[in-house]
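Below is one structure, written out as structure tokens; comments come after it.
Structure (structure tokens):
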């Protein structure tokens, strides 16, 4: 872990040195985020859960309820669903993410990876269940990985969900969402969708997402997005989100892949952090041995 972190830091330093040697941008360009970000002390206590009115409560109550399969969730390593010691590392990640989100007034968080099979969907689902244990928050998970959708399989959702039809303006959101309890909802896809990149960058998709946010007033939206280097789906969608969390797989994802993916993300939005997944050997410092990061 330390070797990977050192290598990643060196890659960032090289990239920053390269950027620093490039020509100074024109004055009419937007200032760097570091220069324009609000003072954390001023924003930390002002970011609170969105107000709940009767229309929002009614919308949440109208959603069909997810029927959890505990055996499947154990198989799929959804440890955060069960909570307790085994979810300690996910809870630690949750708390750090919430601190950053509150400090910067971030609500739309995209979860991605450099390449496929890093476990981003599993991390997203775990993070969602962990966040939902903060009962004063409303959490919405939207699957935007429409080339290889996995969220319905991971959660054991059998209904014919196709949130892509919501993004294209064909059907209302409630047809393709399920809730768990009163403050967590998942919008998923059972099958791949055609022309996913064009759909995610379309005005119809942005209008549909805006309507979903107005209807359900989520405090945090997690977007389970495609790998950055696999297609242009995620890169084209990054401008819609506040920040991105990148999931990498130990002994699989290379430093070069992390560096390229992080560079592409940072060019459009904020990099929230990097999650080390599929770690076989750890000290178990946060509660259990087979760590996610």
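In our numbering, the protein residues as written are 396 to 688.
Yeah, the Cβ is synthetic: ideal placement off N, Cα and C, and Gly gets one too.
Quantities reported herein were computed from a predicted structural model and do not represent experimental measurements.
DSSP beta-bridge partners of residue i
| i | result |
| --- | --- |
| residue 638 | 504, 665 |
| residue 461 | According to DSSP, residue 461 bridges with nothing at all. |
| residue 579 | 534, 575 |
Residue i to residue j span [Cα, whole Å]
| i | j | result |
| --- | --- | --- |
| residue 578 | residue 508 | 26 Å |
| residue 520 | residue 491 | 17 Å |
| residue 630 | residue 592 | 9 Å |
| residue 589 | residue 525 | 32 Å |
| residue 618 | residue 539 | 6 Å |
| residue 648 | residue 625 | 13 Å |
| residue 669 | residue 511 | 15 Å |
| residue 667 | residue 660 | 10 Å |
| residue 425 | residue 663 | Since pLDDT at residue 425 reaches only 39, below the 50 mark, its modelled position is unreliable, and no value is offered. |
| residue 622 | residue 503 | 17 Å |
| residue 483 | residue 546 | 22 Å |
| residue 442 | residue 475 | Confidence in residue 442 is poor, its pLDDT being 43 and thus under 50, which makes the residue's placement unreliable; the coordinate value appears in the next sentence. Cα to Cα, residue 442 sits roughly 25 Å from residue 475. |
| residue 427 | residue 634 | Unreliable positioning characterises residue 427 in this predicted model, as indicated by a pLDDT of 39, which lies under 50. The coordinate reading is nonetheless provided below. Using only the alpha carbons, I get a separation of about 15 Å. |
| residue 481 | residue 462 | 22 Å |
| residue 672 | residue 448 | 39 Å |
| residue 467 | residue 478 | 16 Å |
| residue 485 | residue 506 | 14 Å |
| residue 434 | residue 537 | Only weak support exists for where residue 434 lies, its pLDDT of 43 falling under 50; the value from the coordinates is given anyway. One C-alpha to the other measures close to 30 Å. |
Boundaries of the beta strand (DSSP E) in which residue i is found, first to last residue
| i | result |
| --- | --- |
| residue 575 | 572–575 |
| residue 569 | No beta strand (DSSP E) holds residue 569; DSSP gives it neither H nor E. |
| residue 484 | Counting along the chain, residue 484 falls outside any beta strand (DSSP E), though it belongs to the alpha helix (DSSP H) covering 483–499. |
Among the options, the one whose alpha carbon lies nearest that of residue i
| i | options | result |
| --- | --- | --- |
| residue 452 | 668, 666, 544, 612 | 612 |
| residue 652 | 513, 458, 479, 594 | 513 |
| residue 573 | 562, 587, 554 | 554 |
| residue 458 | 587, 535, 615, 486 | 535 |
| residue 587 | 522, 464, 673, 543 | 543 |
| residue 597 | 571, 569, 562 | 562 |
| residue 533 | 608, 650, 583 | 608 |
| residue 360 | 518, 566, 601, 646 | The question about residue 360 has no answer, for the chain in this structure spans 396 to 688. |
Where the alpha helix (DSSP H) through residue i begins and ends
| i | result |
| --- | --- |
| residue 554 | No alpha helix (DSSP H) holds residue 554; DSSP gives it neither H nor E. |
| residue 561 | 558–562 |
| residue 694 | In the structure as shown, the chain begins at 396 and stops at 688. Residue 694 is therefore absent and cannot be evaluated. |
| residue 475 | 474–477 |
Check: residue i C-beta below 8 Å from any heavy atom of the ligand SAH
| i | result |
| --- | --- |
| residue 450 | Annotation note on the ligand SAH: not contained in the displayed structure, which lists no ligands. |
Subject >> 4 or more residues per run - each alpha helix (DSSP H) lying fully within the stretch 588–639 >> reply: 591–595, 598–611, 628–632
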